[in-house]
Amino acid sequence: MSNKASLRPAPVASEHTPLKARNVAFDWSGTPLHWVPGDPATTHTINVLHLLLPAGERWFVHVYKQVLPSIRDERLRADVIGFIGQEAMHSQAHDDVLPHLKEQGLDPTPYTAQVDWLFEKLLGDRTLPPGRARHWWLLERVALIAAIEHYTAFLGDWVLNAEALDAKGADPTMLDLLRWHGAEEVEHRSVAFDLFVHLDGGYRRRTRTWATAFAALVFLWQRGVRFFMANDPTLLEGKASFKEFFRAGRQGVLPTTGAVARTIPQYLHRTYHPSQYGSTAQAAAYLAASPAATAADARTRGIA
Amino acid sequence: MTTVLRSRRLRAAVVATGAAVLVTRALRRRVKDSPLWPMPALEQPISGTGRTGTGRRELLVVERAEEAEGVVRLRLKGESLPGWEPGAHIDLVLPSGAVRQYSLCGDPADTGTYTVATRLVEDGRGGSREVHEQLQEGTVVTVRGPRNRFRLAESHAYLFIAGGIGITPILPMLRQAEREGVPWRLLYGGRSRASMPFLAEIEKLAGADGDRVTIVAEDEDGRPDPAAALADAPPHSAVYCCGPQPLMDAVAGLLPDGLELHTEAFAPVAAGAGAAGGAFEVELRRTGRTVTVAEDRSILRALREQALPDLPYSCEQGFCGTCRQHVVEGDIDHRDELLTDAERDEQMLICVSRCHGERLVLDL
Chain A
140 MSNKASLRPA PVASEHTPLK ARNVAFDWSG TPLHWVPGDP ATTHTINVLH
190 LLLPAGERWF VHVYKQVLPS IRDERLRADV IGFIGQEAMH SQAHDDVLPH
240 LKEQGLDPTP YTAQVDWLFE KLLGDRTLPP GRARHWWLLE RVALIAAIEH
290 YTAFLGDWVL NAEALDAKGA DPTMLDLLRW HGAEEVEHRS VAFDLFVHLD
340 GGYRRRTRTW ATAFAALVFL WQRGVRFFMA NDPTLLEGKA SFKEFFRAGR
390 QGVLPTTGAV ARTIPQYLHR TYHPSQYGST AQAAAYLAAS PAATAADART
440 RGIA
Chain B
309 MTTVLRSRRL RAAVVATGAA VLVTRALRRR VKDSPLWPMP ALEQPISGTG
359 RTGTGRRELL VVERAEEAEG VVRLRLKGES LPGWEPGAHI DLVLPSGAVR
409 QYSLCGDPAD TGTYTVATRL VEDGRGGSRE VHEQLQEGTV VTVRGPRNRF
459 RLAESHAYLF IAGGIGITPI LPMLRQAERE GVPWRLLYGG RSRASMPFLA
509 EIEKLAGADG DRVTIVAEDE DGRPDPAAAL ADAPPHSAVY CCGPQPLMDA
559 VAGLLPDGLE LHTEAFAPVA AGAGAAGGAF EVELRRTGRT VTVAEDRSIL
609 RALREQALPD LPYSCEQGFC GTCRQHVVEG DIDHRDELLT DAERDEQMLI
659 CVSRCHGERL VLDL
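Heads up: the protein sequence lines correspond to chains A and B, in order. Just so we're aligned, residue 140 is where the first sequence starts under my numbering, counting upward by one. Just so we're aligned, residue 309 is where the second sequence starts under my numbering, counting upward by one.
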């Protein structure tokens, strides 16, 4: 084996699986505001997902629709088509939580309007001349999505294994949303990276977009937690703090700081491939038992 | 020399530190005042506003009653249900997965329950049988909507014409017209008085002025006569008709000039890819091509095979929304479960939805 070959991203073949969107539905009427009982800090840290994902995943779909014609590999094309549908459903499912938060006195609109601006305007199509500039911006966004998907796969794998949430009595509907979503993220974790490699794959672009994505995620996340803690109608002096984050990590209800730090060398390693982390079998097992996913399957079979 | 340099450096350092302290303070204050400073926001936010009301929810059957012979009335309970106006319907997702649409016939002010009534159709597709047999008190059923394609427009007078179970969307309209004091008349036909739902309530609404309501039971009085009702209607009244297709066709045929007709078929097309639909043509306005969609092909497939192989799509079942397209012309036969009423005016999901007529023009 030459040195060069060993530095290429190496997929684990057995982790590939055909992808399809699932027509899930969640009923939020029974979910309390602090759905991790007695732990508003953890609840709101995870709630930030509902702020970022509706606009973010809608943006993934928007970008990937434009990329479809450039894909020259039939299997990757089928993967991307399945990916698009799954992301569209994630976006819809998290979007449906927002009115529920509003009903409980925690109006997320000031924050989500900014996230909408970020994805629709700042990261939107912009007015670029057709040709190189437009292509460059498309590749840049494809690479950004690959970097973000590294984190969604990391979080998906984490939530599938976060038994501490069950032990703490977290709301089963919310857990099912997170784990259905997490399992699909694990299931399709290679698609965004494969697409990036198929279209470009440059290491400099990989590091550059990773740095942007990571910084943006940290910025948006801490801001989201502060926003929720400050506006939670049931908290008198709601404040977000790193102390709470470390504490929750130790208890297993949030990822540990160490685990988050380890994602950095993983993604920046020359031979990184998403299939090296997480387990497709575990994701499939959860989807086979998830109340939302099984109900979606029954609906699909019944209609067809 | 060195002292000058040092004092200059010192000054620069002091100025820099001072500036840094001021900036941090100002930032901290602003961030504290408003944790969301300083990022622009989209003027019309998209997230969290789109699908409220048309999403799915699980409701509990809290009351099941025989409203008339062969007609079952169900009350479905949930929390803070979306509001609705007379003419609205909901989709019931039955235990088998089949989807059927039923008009809401309860009181819109009641935000805790929805009421629907269904007639058992012996030779139907099995949906009504499932409702009658499977949905008992205590059953949980999935509901989508409500949606309204039969809205009660403002008018100075109404004529309502209902046939059999077609009374369900009309009943809340009667109540609203009565409450608002708009003059109305009703022609209500059915097979027999015993089989006609909501007779007691309607007769109560008619009150002493018996003229307003004409009830025609086929076994006693023969067929209803829409011609007479239409002739008696005040000029420019709005006519709302719901019932079997022959009745609605007859009303449309007899409609005098000056009256405005609104109808709703009470056996609308089923959602899903299985339902048959005829062949039709799709014109792609921007591409400048026309594609024939065979009856066993979706628009999406036909377009991908014959004209645009890279058209985006994903679920092919009408829920993910990837294949959404704008429609320039044509009567859309919506079969998806995603779009809102407003979106349905000019958009469609081409993976499942079809065309009522012979031609659609898409902005592609």
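Each residue gets a CB set at the ideal place from its N, CA and C atoms; glycine is no exception.
Using only the alpha-carbon positions, how far apart do residue i and residue j sit?
i	j	result
threonine 410 (chain A)	aspartate 218 (chain A)	21 Å
valine 163 (chain A)	isoleucine 640 (chain B)	26 Å
valine 325 (chain A)	alanine 355 (chain A)	22 Å
arginine 333 (chain B)	threonine 248 (chain A)	27 Å
alanine 350 (chain A)	histidine 239 (chain A)	34 Å
glycine 582 (chain B)	cysteine 663 (chain B)	Only weak support is given to the placement of glycine 582 (chain B): the predicted model assigns it a pLDDT of 39, under 50, and the value that follows is read from those uncertain coordinates. C-alpha separation (whole angstroms): 15 Å.
leucine 670 (chain B)	glutamate 637 (chain B)	7 Å
glutamate 511 (chain B)	isoleucine 473 (chain B)	16 Å
glutamine 352 (chain B)	proline 505 (chain B)	45 Å
alanine 400 (chain A)	leucine 367 (chain B)	45 Å
leucine 188 (chain A)	glutamate 226 (chain A)	14 Å
glycine 596 (chain B)	tyrosine 621 (chain B)	21 Å
alanine 732 (chain B)	glutamate 242 (chain A)	Because residue 732 (chain B) is not part of the residues shown, which for chain B are 309 to 672, the question remains open.
glycine 361 (chain B)	glutamate 651 (chain B)	Note that glycine 361 (chain B) has pLDDT 44, beneath the 50 cutoff, so the model's placement of it is unreliable and the number below is only indicative. Their backbone Cα atoms lie some 14 Å apart in a straight line.
valine 175 (chain A)	glycine 244 (chain A)	17 Å
lysine 382 (chain A)	isoleucine 185 (chain A)	16 Å
aspartate 371 (chain A)	glycine 377 (chain A)	7 Å
glutamate 393 (chain B)	glycine 341 (chain A)	56 Å
proline 576 (chain B)	glutamine 409 (chain B)	Because the pLDDT at proline 576 (chain B) is just 42, under 50, the model does not fix this residue reliably, and the value given afterwards should be weighed accordingly. Using only the alpha carbons, I get a separation of about 7 Å.
glycine 397 (chain A)	alanine 327 (chain B)	35 Å
glutamate 568 (chain B)	alanine 615 (chain B)	41 Å
alanine 508 (chain B)	aspartate 604 (chain B)	46 Å
aspartate 235 (chain A)	glutamine 361 (chain A)	23 Å
cysteine 550 (chain B)	cysteine 659 (chain B)	29 Å
alanine 485 (chain B)	tryptophan 492 (chain B)	7 Å
aspartate 339 (chain A)	valine 281 (chain A)	9 Å
alanine 587 (chain B)	isoleucine 607 (chain B)	10 Å
Tell me where the alpha helix (DSSP H) around residue i begins and ends.
i	result
asparagine 186 (chain A)	179-206
lysine 241 (chain A)	236-242
glutamate 591 (chain B)	Here glutamate 591 (chain B) belongs to no alpha helix (DSSP H); instead the beta strand (DSSP E) covers 588-592.
alanine 322 (chain A)	311-326
isoleucine 398 (chain B)	Here isoleucine 398 (chain B) belongs to no alpha helix (DSSP H); instead the beta strand (DSSP E) covers 396-401.
glutamine 421 (chain A)	419-428
Hey, would you say residue i sits closer than 8 Å to residue j, going by beta carbons?
i	j	result
serine 429 (chain A)	tryptophan 319 (chain A)	yes
leucine 237 (chain A)	serine 355 (chain B)	yes
tyrosine 496 (chain B)	alanine 470 (chain B)	yes
glycine 391 (chain B)	arginine 427 (chain B)	no
proline 454 (chain B)	leucine 482 (chain B)	no
valine 635 (chain B)	leucine 668 (chain B)	yes
arginine 232 (chain A)	phenylalanine 293 (chain A)	The question names arginine, but residue 232 (chain A) is alanine in the sequence shown. Going by C-beta atoms, alanine 232 (chain A) is not nearer than 8 Å to phenylalanine 293 (chain A).
glutamate 259 (chain A)	leucine 647 (chain B)	no
glutamate 441 (chain B)	leucine 402 (chain B)	no
glycine 395 (chain B)	asparagine 456 (chain B)	yes
alanine 194 (chain A)	valine 254 (chain A)	yes
tyrosine 425 (chain A)	alanine 322 (chain A)	yes
arginine 452 (chain B)	glutamate 645 (chain B)	yes
valine 369 (chain B)	threonine 421 (chain B)	no
threonine 251 (chain A)	leucine 190 (chain A)	yes
proline 449 (chain A)	tryptophan 297 (chain A)	What is shown of chain A runs 140 to 443, which leaves residue 449 (chain A) out entirely.
alanine 180 (chain A)	alanine 309 (chain A)	no
Grab the span of the beta strand (DSSP E) containing residue i for me, first residue to last.
i	result
glycine 561 (chain B)	Unbroken run through glycine 561 (chain B) is the alpha helix (DSSP H), 553-562; no beta strand (DSSP E).
tryptophan 349 (chain A)	Counting along the chain, tryptophan 349 (chain A) falls outside any beta strand (DSSP E), though it belongs to the alpha helix (DSSP H) covering 342-370.
aspartate 339 (chain A)	Looking at the DSSP string, aspartate 339 (chain A) is not in any beta strand (DSSP E), and its letter there is neither H nor E.
methionine 656 (chain B)	655-657
tryptophan 276 (chain A)	Unbroken run through tryptophan 276 (chain A) is the alpha helix (DSSP H), 271-299; no beta strand (DSSP E).
tyrosine 411 (chain A)	Per DSSP, tyrosine 411 (chain A) belongs to no beta strand (DSSP E) and is neither H nor E.
With respect to 7 Å, is the separation between the Cβ of residue i and the closest non-hydrogen atom of the ligand NAP below this value?
i	result
valine 660 (chain B)	Among the ligands in the structure shown, none appear at all, so the ligand NAP cannot be discussed.
- [ ] Kindly confirm or deny that the segment 150-159 of chain A and the segment 413-423 of chain A touch, where touching means at least three C-beta pairs closer than 8 Å.
- [x] yes
TODO: Flag this pair as touching only if the segment 263-275 of chain A and the segment 301-318 of chain A have three or more C-beta atom pairs under 8 Å; answer yes or no.
DONE: no
Open item on the list: Short of 8 Å Cβ to Cβ, which residues in the segment 250-268 of chain A face chain B?
Closed with: So the list reads Tyr250, Thr251, Ala252, Gln253, Val254, Asp255, Trp256, Leu257, Glu259, Lys260, given in the order they occur along the chain.
Open item on the list: Three or more C-beta pairs under 8 Å: does that hold for the segment 616-633 of chain B against the segment 154-163 of chain A?
Closed with: yes
Task: Residues, ordered as in the chain, of the segment 158-175 of chain A that lie near chain B by beta-carbon distance below 8 Å - done: Lys159, Ala160, Asn162, Ala164, Asp166, Ser168
Task: Proximal residues, the segment 383-410 of chain A versus chain B, C-beta separation under 8 Å - done: none
Open item on the list: Under 8 Å: do the segment 276-283 of chain A and the segment 199-216 of chain A share three or more Cβ pairs, one atom per stretch?
Closed with: yes
Task: Contact list for the segment 197-215 of chain A against chain B, Cβ threshold 7 Å - done: Val200, Lys204, Leu207, Pro208
TODO: Output, in sequence order along the chain, the residues in the segment 625-644 of chain B whose CB is closer than 8 Å to any CB in chain A.
DONE: Gln625, Phe627, Cys628, Gly629, Thr630
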